[in-house]
Amino acid sequence: MAADRTKGEIRVGVFVCDCGLNIAGAVDCTAVSEYAKRLPDVVCVVQNKYTCADPGQNEIKDAIRQHHLNRVVIGSCTPRQHEPTFRQCVREAGLNPYLMEMANLREHCSWVHPGDREGATNKAKDLVASAVARARFLEPQEELTVAVSRAALVIGGGVAGIEAALELADAGHKVVLVEKEPSIGGTMAQLDKTYPTMDCSI
Amino acid sequence: MGLSSRKGIYIPFPQAVPCSYILNMEDCLGNNPIACGKCLEVCEKEAVNYDDQDEIVTREVGVIIVAIGLAVYDPTEMDEYGYTRFSNVITSIEFERLICAGGPTAGNFVRPSDRQPPKRIGFIQCVGSRNPKIGRPYCSNICCMNTIKDTLLLADHYPDVENVVFYQDIRAFGKSFEDMFQRSKEAGTRYIRGLPGDIEEDPQTGNLIVTVENTTSGGMERYELDMLVLSVGVEPPEDLAKISSMLTLTKTSDGFFMESHPKLKPVDAPTRGVYFAGFCEAPKDIKDSVCQAGAAASRGGALLNAGQIQIEAITSRIDEAACKKCGLCAAVCPYAAIIWKKGEAATVIEAACAGCGSCGAACPFGAITMRHFTDDQLIAQVRATLAENPQDKVFVFACSWCSYAGGDMAGISRIQYPSTNRVVRTMCSARVSEEMVLEAFRCGAPVVLVSGCHYADCHYINANRQTVVRVQRLWDKLEKAGVRPERLQLEWISAAEGQKFAQVMWRLEELRKAVTMEEIEQAREALKRKPKKVARQKTAAAAAG
């Protein structure tokens, strides 16, 4: 069903996030939204206060349904933070998650150009234009599912490694603990008493 | 410290796990009846094996927790404290041996020179910490509290000792730490704000003369001490680089492992399924190490319980019809995920492909589609970005793992730089084809940057070696076309290097300003895509002319 939406006409929806004042404080988000309206195949532009919050996500879902969007561009933060969030959001509205693209208006723009509103706004426009251009060529993708081997490796038998290995083993997982020294214990075992309890290290 | 001796076969320490004997192969004389072989004679269980060898064990695992700990700073280079010259100057880790009941003196605290109990003991803080001059700007986190603990132990065992602590700041911020600090002061420990500039030894007594500027009172002070403990900092463990390249992890500027996100993913490594526990991620004490270990186990356990993982749909696909069977793609694949035999079209093993895109950039025939990072998508980004006023823009290709993340780090750290740069993200710098760079110049970019992970830290084994090959080839091409090769830049910026990302952008902005409109136009013309036949005719015409 998701794939059907990509056939035929391309309909891009652009969502520009203020992120409170995180983006809107340095970038004229209204100007960016107006600019986005003129970009090819863009059929709807929405400016949000917080796109990642429920109301913002609902606006995306509503717009996908209402405007029959088959591509979504979100001008907000780094995809390294919220790409999974927005992929899930468009998926819930029936769109393949790979038809969503982000423009990084926060980490790469507003946060690093706070004193340069004009420059930051121009840059934000370009970042959105670039994302829209890319979005027009996006295609639905299916992810491969791979089985995870049901065992854990812990490298290092100091207090952290021992603790992690025990926790995993207590939870019923098979654990391999690797230690290069003849005994586990690590640096902690070299200590006599430890703070703040003043008790023995081992 | 040379205070006691150890046999050639020994148990590392009384509580060792496993509690079994080990041979010190450097001292062991081996199973030679004339020389020794005594341990073999007495071991009824015949557990001694002189010829035991290292072996490689293979285990398949779904998650890895990296908990490789720390190394202790060696204060030899800080010669002003006399660690190598004066026998009564010891490190805090040596202090632990001296005060420990299982140590060489059975816990009788004596000083090395005359094995007499010292009466006046000094501690110097921040030895190898918070000292940018020796490349250690970070706080080691544990040394203040460790010294406070040591003063309390001494006061408890030897009520008549005098403790003096020389410090720049005391950081006692954890639960019940301030209480310990106050107890130490109540027990008589003097805290002098100031780090000694010089230490001398009285050759007669072995005592140490410490000269220090007390920054609270403002005066120079002199202390005669029987013994001096250097409260040494900690550093990344020596194996960190090895583990880092094995698991494609990243380091922060301090040299410890970089987490996925400083606040939101503090125990995740950037490589999925890998988690950090303890000191190797950042200096932390036992309690914090235990907390992080629990978090890492919980994160790893969740993945193990799920039993499966979704692989991002960014892998390579080869169009058999378009493939000219050259094998270039197979040659540049760091994962050997492309199968190619002479005379046959290449095929991709999808489960082995990690999606770096090096093959896509290498294919001269457009037969490879990198899913979600296609040529069409990336070229469209280049054109859209440079559609208006390209002369004002620095065009940047940044790899998702490091350089793009370095840009994010600059943002998180609010490090400012000129707003002229325009970044396009690829998974790896090796995805950037020559055509993409040339297209940017054709669109009028004054400066183009290709940036990736540091050479040895590539998240796709060594795919960024291909980046270097392509950029070098491009430099040659540009030069031949009369375009200044400096206009194409190559930089390695790690995910932790927000500062470097900003510095590079400042530098490129200067470079951009120096590129004239004439140069931009010349490059547009010189790099114009020419149909091959026409080019040949022109060459022929030129030769004839």
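Those protein sequence lines, which keep their order, are chains D and B. The first sequence begins at 511 in the working numbering and counts up by one. The second sequence begins at 13 in the working numbering and counts up by one. Just so it is clear, CB atoms sit at the ideal spot from N, CA and C, and this is done for glycine as well.
query: In whole angstroms, what is the alpha-carbon distance linking G81 (chain B) and L490 (chain B)?
result: Pairing G81 (chain B) with L490 (chain B), the inter-Cα distance amounts to about 48 Å.
field: Below-7 Å beta-carbon distance, S188 (chain B) vs any chain D residue
entry: yes
- prompt: If you run the structure through DSSP and keep just helix, strand and coil, what is W518 (chain B)?
  reply: helix
message: I'd like the list of long-range same chain contacts for Q304 (chain B), defined as Cβ closer than 8 Å, with 5 residues on each side in sequence excluded.
response: Short of 8 Å from the beta carbon of Q304 (chain B), and not among the five residues preceding or following it, lie these beta carbons of its own chain, in chain order: P278, V279, F288, A289, G290, E293, K296.
- request: Output, in sequence order along the chain, the residues in the segment 189 to 201 of chain B whose CB is closer than 7 Å to any CB in chain D.
  value: Listed by position, the residues of the segment 189 to 201 of chain B near chain D (Cβ gap below 7 Å) are F189, M192.
task: Enumerate, from N- to C-terminal direction, the unbroken beta strand (DSSP E) stretches of 3 or more residues contained entirely within the segment 546 to 612 of chain D.
output: 552 to 558, 581 to 586
query: Is any beta-carbon of chain B found at less than 7 Å from that of F647 (chain D)?
result: Closer than 7 Å to some Cβ of chain B, the Cβ of F647 (chain D) qualifies, so yes.
query: Smallest Cα separation from A681 (chain D): which of B:R443, B:K337, B:L316, B:N401?
result: B:L316
- prompt: What does K547 (chain D) reach in chain B if we use C-beta pairs closer than 8 Å?
  reply: Within chain B, no residue comes near K547 (chain D); the closest Cβ sits about 15 Å away, beyond 8 Å.
- prompt: Hey, quick one: how far does the alpha helix (DSSP H) through V279 (chain B) stretch, first residue to last?
  reply: For V279 (chain B), no alpha helix (DSSP H) segment is defined, and its DSSP state is neither H nor E.
Within 7 Å of chain B by C-beta, residues of the segment 574 to 593 of chain D in sequence order: T588, R590
query: What are the start and end residues of the alpha helix (DSSP H) that includes K684 (chain D)?
result: K684 (chain D) -> not in any alpha helix (DSSP H); beta strand (DSSP E) instead, spanning 684 to 688.
task: Note down the Cα distance separating V638 (chain D) from A645 (chain D), rounded to an integer number of angstroms.
output: 10 Å
message: Report the start-end ranges of each beta strand (DSSP E) in the segment 389 to 471 of chain B that is 3 residues or longer and not cut off at the edges.
response: 406 to 411, 433 to 438, 459 to 464
task: Check the DSSP bridge columns for V224 (chain B) and list the partner residues they point to.
output: B:E233
Through-space distance from A199 (chain B) to E190 (chain B), alpha-carbon basis: Here the C-alpha atom of E190 (chain B) lies approximately 14 Å from the C-alpha atom of A199 (chain B).
task: Please go through the same chain and pick out, in chain order, the residues whose beta-carbon is closer than 7 Å to the beta-carbon of T432 (chain B), but skip the five residues on each side of it.
output: D404, K405, V406, E521, R524
query: For I160 (chain B), which of B:D126, B:K540, B:F385, B:F107 has the nearest alpha-carbon?
result: Of the candidates B:D126, B:K540, B:F385, B:F107, the one whose C-alpha sits nearest the C-alpha of I160 (chain B) is B:F107.
message: Can you pull the chain D neighbours of H169 (chain B), defined as C-beta to C-beta under 9 Å?
response: By Cβ distance, chain D contributes nothing, its closest Cβ being about 10 Å from H169 (chain B), past 9 Å.
message: Using only CA atoms, which one of B:V84, B:I76, B:L35, B:I46 lies nearest to Q65 (chain B)?
response: B:L35
message: For the segment 104 to 135 of chain B, list every residue whose C-beta sits within 7 Å of some C-beta in chain D, in sequence order.
response: I105, E108, I111, C112
query: Using a C-beta to C-beta distance shorter than 8 Å, which residues of chain D count as neighbours of E323 (chain B)?
result: Contrary to the premise, residue 323 (chain B) reads as Ile rather than Glu in this sequence. By Cβ distance, chain D contributes E653, L654, T655, V656.
Chain-ordered neighbours of A363 (chain B) on chain D, where CB pairs are closer than 8 Å: L654, V656
task: Please list, in chain order, all residues of the same chain as K512 (chain B) whose beta carbon is under 7 Å from its beta carbon, the five residues on each side excluded.
output: Answer for K512 (chain B): G418, I505, listed in chain order.
- prompt: Can you give the Cα-Cα distance for E89 (chain B) and Y179 (chain B), rounded to whole angstroms?
  reply: Going from the Cα of E89 (chain B) to the Cα of Y179 (chain B) covers about 19 Å.
- request: State yes or no: is the beta carbon of S693 (chain D) nearer than 7 Å to at least one beta carbon in chain B?
  value: Answer yes: the Cβ-Cβ gap between S693 (chain D) and chain B drops below 7 Å somewhere.
- request: Could you check which residue in B:T217, B:I221, B:N226, B:N219 has the C-alpha nearest to that of R205 (chain B)?
  value: B:N226
Continuous beta strand (DSSP E) stretch holding I328 (chain B): start and end: As written in the sequence, residue 328 (chain B) is Ser, which differs from the Ile given in the question. From DSSP, the beta strand (DSSP E) with S328 (chain B) extends over 328 to 330.
field: M270 (chain B) classed as buried or exposed, judged by whether at least 16 other C-beta atoms fall within 10 angstroms
entry: buried
- request: State the CB to CB distance for the pair F409 (chain B) and V481 (chain B), rounded to an integer number of angstroms; the pair is presumed to be in contact (CB under 8 Å).
  value: Contact flag wrong, Cβ pair sits at about 15 Å.
- prompt: Would you say R524 (chain B) faces chain D, with C-beta separation under 7 Å as the test?
  reply: no
- prompt: Along the chain, where does the alpha helix (DSSP H) that runs through F5 (chain B) open and close?
  reply: This structure cannot settle anything about residue 5 (chain B), because the visible part of chain B is limited to 13 through 557.
message: Looking at chain D, is there any beta carbon in it that lies within less than 7 Å of the beta carbon of K161 (chain B)?
response: yes
task: Check whether the Cβ of T359 (chain B) lies closer than 7 Å to any Cβ atom in chain D.
output: no
task: Under 8 Å between beta-carbons, which chain D residues line up against I255 (chain B)? List them in chain order, please.
output: I665
- request: Could you please give the first and the last residue of the uninterrupted alpha helix (DSSP H) stretch that includes V642 (chain D)?
  value: 627 to 645
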